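Only one structure is covered here, and it is reproduced in the block below.
Residue numbers (the numbering used here): 118 to 226.
Here it is as structure tokens:
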């Protein structure tokens, strides 16, 4: 599955990069976060996903994910593995941070 989106934030690019480069800072913004642990550039998180729109039988799934954050210029890559409902998950999130007329634009996939 592949997801893409972008958003604009009325904040300086440096502040946005600082937040998104620090798992201990952005963890509090993750929807459904229940617990997390940061060790250097590695990040472990437990969170609940709302899946009520996908099936009438289950309203949420608990996900346990381990990831690593790396920086490449204006890009931040979060890659890792996880597990939920007996299924293994592998993910890679690419985030590009770009100056915008009104602040900063974040493009992710």
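Positions of the beta carbon are idealized from the N, C-alpha and C atoms, including for glycine.
Remember, it's a predicted structure, so these values are computed and weren't measured experimentally.
Within the stretch 187-221, the runs of beta strand (DSSP E) that reach at least 3 residues and sit entirely inside it are, in chain order, 192-201, 204-217.
Between residue 152 and residue 173, the alpha-carbon positions lie close to 27 Å from each other. For a cut-off of 8 Å, the C-beta gap from residue 175 to residue 164 is around 15 Å, too long to register as a contact. Approximately 4 Å separates the beta-carbon atoms of residue 180 and residue 201; this is inside 8 Å, confirming the contact. For the 8 Å CB-CB criterion, residue 121 and residue 222 do not form a contact. Of the candidates 133, 166, 135, the residue whose Cα lies closest to the Cα of residue 147 is 166.
Between the beta-carbon of residue 138 and that of residue 185 there is about 13 Å, and that puts the pair past the 8 Å contact cut.
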